[in-house]
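2 protein chains.
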Amino acid sequence: MKEISGGITSVKGIKATGIHCGIKKSKSDLALIVSEPMAVASGVFTTNKLKAAPVIVSMEHIKSGRCKGIIVNSGNANACTGRGGYKDSKEIVKLIAKELKTSPKSILIASTGKIGTPLPIDKIKKSIPLLVKSLSSSGGKKAAEAILTTDTMIKERAIEYNYDNKAIRIGGIAKGSGMIFPKMATMLSFITTDVSIKDELLKKALKRSVDKSFNMISVDGDTSTNDTVICMANGCAGNKLIDRAGRGFKLFQEALDFITLHLAKRIVRDGEGATKFIEVKVQGARSKRDAKRVASFIANSNLVKTAFFGEQANWGRILSAAGNAGVDLDFGSISLYLNGYKVVERGIVSYKEDTDLIEVMKKKEIKILLNLGKGDKEESVWTTDLSHEYIKINAEYIS
Amino acid sequence: MKEISGGITSVKGIKATGIHCGIKKSKSDLALIVSEPMAVASGVFTTNKLKAAPVIVSMEHIKSGRCKGIIVNSGNANACTGRGGYKDSKEIVKLIAKELKTSPKSILIASTGKIGTPLPIDKIKKSIPLLVKSLSSSGGKKAAEAILTTDTMIKERAIEYNYDNKAIRIGGIAKGSGMIFPKMATMLSFITTDVSIKDELLKKALKRSVDKSFNMISVDGDTSTNDTVICMANGCAGNKLIDRAGRGFKLFQEALDFITLHLAKRIVRDGEGATKFIEVKVQGARSKRDAKRVASFIANSNLVKTAFFGEQANWGRILSAAGNAGVDLDFGSISLYLNGYKVVERGIVSYKEDTDLIEVMKKKEIKILLNLGKGDKEESVWTTDLSHEYIKINAEYIS
Chain D
619 MKEISGGITS VKGIKATGIH CGIKKSKSDL ALIVSEPMAV ASGVFTTNKL
669 KAAPVIVSME HIKSGRCKGI IVNSGNANAC TGRGGYKDSK EIVKLIAKEL
719 KTSPKSILIA STGKIGTPLP IDKIKKSIPL LVKSLSSSGG KKAAEAILTT
769 DTMIKERAIE YNYDNKAIRI GGIAKGSGMI FPKMATMLSF ITTDVSIKDE
819 LLKKALKRSV DKSFNMISVD GDTSTNDTVI CMANGCAGNK LIDRAGRGFK
869 LFQEALDFIT LHLAKRIVRD GEGATKFIEV KVQGARSKRD AKRVASFIAN
919 SNLVKTAFFG EQANWGRILS AAGNAGVDLD FGSISLYLNG YKVVERGIVS
969 YKEDTDLIEV MKKKEIKILL NLGKGDKEES VWTTDLSHEY IKINAEYIS
Chain P
619 MKEISGGITS VKGIKATGIH CGIKKSKSDL ALIVSEPMAV ASGVFTTNKL
669 KAAPVIVSME HIKSGRCKGI IVNSGNANAC TGRGGYKDSK EIVKLIAKEL
719 KTSPKSILIA STGKIGTPLP IDKIKKSIPL LVKSLSSSGG KKAAEAILTT
769 DTMIKERAIE YNYDNKAIRI GGIAKGSGMI FPKMATMLSF ITTDVSIKDE
819 LLKKALKRSV DKSFNMISVD GDTSTNDTVI CMANGCAGNK LIDRAGRGFK
869 LFQEALDFIT LHLAKRIVRD GEGATKFIEV KVQGARSKRD AKRVASFIAN
919 SNLVKTAFFG EQANWGRILS AAGNAGVDLD FGSISLYLNG YKVVERGIVS
969 YKEDTDLIEV MKKKEIKILL NLGKGDKEES VWTTDLSHEY IKINAEYIS
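Protein chains in written order, with the numbering used here: chain D, 619 to 1017; chain P, 619 to 1017.
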């Protein structure tokens, strides 16, 4: 497995583009990703009960397991827009399908941006011919740009590995305005691969991969109206079809996991106003579920996050947050390390001076290791601190 | 029922005081509340799995249903302090009991402040004689001061009502550094009354009252290591004992509810860095549980809270937060009003200009009314916006 340059268009048979259609003032806001041969596809969508129109349309269309292309706009989420919003998403999909000479069912759609305002559908419609015309096998970066909102950098990655004497590639792009842990800003990711794989196995691999990556930077059930991850696999690598959970599947899963985890961490690093990248690893739990729950409560706590921003020796907030997870805990069996610095060991407070701890807190990368001393299961989640900049961005940005 | 001046010492047979013992630099940090006759008492304590030492001690002692006094320190939470912390709380209680010539079991204890640092027990011990000596039937305000941490104002209230031809009084004090919704800063409240009531009825009344007040400004299960509410009733009013759920009980419940709801709202208003007081009322739910859950998700959302701080027309964030509560919702049946201004009615976006909505958002008191259109149950919760000042306070304050 080796990293290669580029993102979604580093994969054979994939073209993409991004243009400015006028939803945003001047930045690009409309992306299209197309596979030359019809691809198999799988998606993971928001669990929010108020799903945006594009999510509803994509969930309908992906049932077929086939996908020719994905159209994405940023700047307007087309969420809380009722029947009109649904019709708009359907119409866009229909127009793209017509241009690509394919069935509307094979087109998926995603949106991100302001909630509750009708899509400027005419601007999008007018731009579709140009959008399709500008598709290019080097257009991945343009697509990566056009899906951003408050992100400060594009997120793309590609890798290559060998199987069945073929070079197989996976590429991905993502957007996620930093939030994530403070819930509900939209996360989008689109992954392409030229592997040949059966649709139900792609589905299985994607679900697993998302659970270990994008779902570890957000908390169970806390998702925006628009969250979407789609993976399309077009078979252009020419490997023999992966149709069972053997070696070929295992290799693909590993490569896919690499891409999704990389993109998930990139989203955290680009967190709104983030000044620190924080890994919360919970060990010694009775179950993986317990470990994830405790880690999520810590990573979600505004008090923990502001403590890291302030670089203060407030480790008690970490334990207090852990105690709120509803998981059985004893202070006497708990150990806590910050970047390897021992703070508490089996209920004994081990650090000597606040100043030592403040030195640790000054680092840009923080690893919180909490051992519950109850079992042998572990999980990690990733988050950021909570800064003045976060408040500024979210108080001023309309989304 | 009429409001009277003062707080806990407006109640017959109650003395209180607050002094500086040296846990904090210069502000008062040690409070004592004593009932001349032995009182019946009930308490509601944190559900956090890592309960602070004073909480564990108070939970043991309150089993008897009797209480002579409550000792409270601020500046140090005595949480995550292991066996040593437990012994410290026990020792303080013993010393107070000795001074008051009562059993240690009749003394309750609470602490709030920094987690994980041993109590400066010598400072407290040394101050106990002075503390007891300074008890006064006008010392309520001093106690109200001595329990504060990042609070900017004391919180006390008292009322009087008639029953059985007797004037019955209830007084209360509280502290809660604003947080609350962003979880886990400590909330303390101590309520005194001269009513004569059976201990199990006091317990019932307090539980109900806390559920409608303090539990409506915090979210189920999200509590600090130290949260404590205690009510003591000493019978000095001389009414015939309330020993069943009749008229006397009903009147007491109403009066107690008035005090707890008042104190709870005062805690929100004094929220860390709060610039707005926000009521979230959810109507039209299938159950009260659904209503509370949706309201809590809205009130808990950093994106909603920063939108109000920024005074932007980001109403979509309110619906997105609602959609995360796991409660069945349809955009088509939802109505949303902000201070009576119609934003969405049964899925139709009704407001015309963002500028209209921005006018509403500029108000200091905001009422979010969300009707789910699914049933006839409703609940309200109270919260604040999330401001730069919140980040500043929590990044710099060590607690």
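The C-beta atom is built at its ideal place from N, Cα and C for all residues, glycine as well.
Nearest candidate by alpha-carbon position, reference residue i, set the options
i                     : options                       : result
residue 991 (chain D) : D:949, D:720, D:967 and D:857 : D:949
residue 770 (chain D) : D:913, D:782, D:891 and D:937 : D:891
residue 794 (chain P) : P:675, P:762, P:726 and P:820 : P:762
residue 620 (chain P) : P:953, P:998, P:929 and P:780 : P:780
residue 908 (chain D) : D:825, D:942 and D:643        : D:942
residue 609 (chain P) : P:766, P:879 and P:921        : One cannot answer for residue 609 (chain P) here, as it falls past the ends of chain P, which runs 619 to 1017.
residue 787 (chain D) : D:918, D:833, D:872 and D:817 : D:872
residue 657 (chain P) : P:725, P:987 and P:926        : P:725
residue 701 (chain D) : P:966, P:995 and P:1002       : P:966
residue 635 (chain D) : D:682, D:826, D:689 and D:622 : D:689
residue 808 (chain P) : P:746, P:819, P:625 and P:708 : P:625
residue 895 (chain P) : P:911, P:917, P:904 and P:906 : P:917
residue 699 (chain D) : D:731, D:652 and D:768        : D:731
residue 743 (chain P) : P:920, P:717, P:835 and P:675 : P:717
residue 757 (chain D) : D:817, D:748, D:638 and D:632 : D:632
residue 679 (chain D) : D:664, D:659 and D:665        : D:659
residue 630 (chain P) : P:686, P:811, P:623 and P:622 : P:811
residue 596 (chain P) : P:816, P:746 and P:764        : For chain P, the structure presents residues 619 to 1017; residue 596 (chain P) sits outside this window and is missing.
residue 736 (chain D) : D:746, D:747, D:750 and D:691 : D:691
residue 980 (chain D) : D:989, D:929, D:879 and D:915 : D:929
residue 878 (chain P) : P:703, P:664, P:646 and P:829 : P:829
residue 666 (chain D) : P:962, P:958 and P:947        : P:947
residue 623 (chain D) : D:989, D:789 and D:661        : D:789
residue 739 (chain P) : P:709, P:714, P:823 and P:868 : P:709
residue 782 (chain P) : P:845, P:681, P:859 and P:821 : P:859
residue 750 (chain D) : D:644, D:687 and D:963        : D:687
residue 867 (chain D) : D:832, D:827 and D:676        : D:827
Any C-beta of chain P under 8 Å from that of residue i
i                      : result
residue 580 (chain D)  : Since the displayed chain D opens at 619 and closes at 1017, residue 580 (chain D) lies outside it and no answer follows.
residue 666 (chain D)  : yes
residue 719 (chain D)  : no
residue 900 (chain D)  : no
residue 967 (chain D)  : yes
residue 841 (chain D)  : yes
residue 798 (chain D)  : The predicted position of residue 798 (chain D) is uncertain, since its pLDDT is 45 and thus under 50; no value can be drawn from it.
residue 1001 (chain D) : no
Neighbour flag for residue i against chain D, beta carbons, 8 Å
i                     : result
residue 662 (chain P) : no
residue 951 (chain P) : no
residue 801 (chain P) : Confidence at residue 801 (chain P) is low in this model, with a pLDDT of 41, below 50, so the placement of that residue should be treated as unreliable; the coordinate-derived value is given next. Chain D contact via Cβ: present.
When Cβ atoms are compared, which residues of the region 808 to 827 of chain D fall closer than 7 Å to chain P?
none
Check whether the region 692 to 700 of chain P touches the region 666 to 674 of chain P, counting contact only when three or more Cβ pairs, one atom from each stretch, lie closer than 8 Å.
yes
So if I threshold CB-CB distances at 9 Å, which residues from the region 690 to 702 of chain P count as touching chain D?
If the cut-off is 9 Å between Cβ atoms, the region 690 to 702 of chain P has 695, 697, 698, 699, 700 and 701 near chain D.
When you check each C-beta in the region 932 to 947 of chain D against every C-beta of chain P, which residues fall closer than 8 Å?
Correct list: 932, 933, 934, 935, 937, 938, 939, 940, 941, 942, 943, 944, 945, 946 and 947.
Can you check the region 733 to 794 of chain P for any beta strand (DSSP E) of at least 3 residues that lies completely inside it and give the ranges in chain order?
Within the region 733 to 794 of chain P, the runs of beta strand (DSSP E) at least 3 residues long that lie entirely inside it are, in chain order, 773 to 781 and 784 to 794.
Looking at C-beta atoms only, is the number of pairs between the region 970 to 982 of chain D and the region 881 to 889 of chain D that lie closer than 8 Å three or more?
Flag = no, the region 970 to 982 of chain D and the region 881 to 889 of chain D do not touch.
Short of 9 Å Cβ to Cβ, which residues in the region 727 to 744 of chain P face chain D?
Against chain D - using a Cβ distance shorter than 9 Å - the residues of the region 727 to 744 of chain P are 732, 733, 734, 735 and 736.
Check whether the region 991 to 1002 of chain D touches the region 723 to 737 of chain P, counting contact only when three or more Cβ pairs, one atom from each stretch, lie closer than 8 Å.
no
Curious, which full-length alpha helix (DSSP H) runs of at least 4 residues does the region 802 to 857 of chain D contain?
Taking only runs of at least 4 residues, the alpha helix (DSSP H) segments lying wholly in the region 802 to 857 of chain D are 817 to 830.
Whole alpha helix (DSSP H) elements within the region 644 to 727 of chain D, 4-residue minimum
671 to 679 and 700 to 717
Inside the region 946 to 1005 of chain D only - alpha helix (DSSP H) runs reaching at least 4 residues
972 to 979
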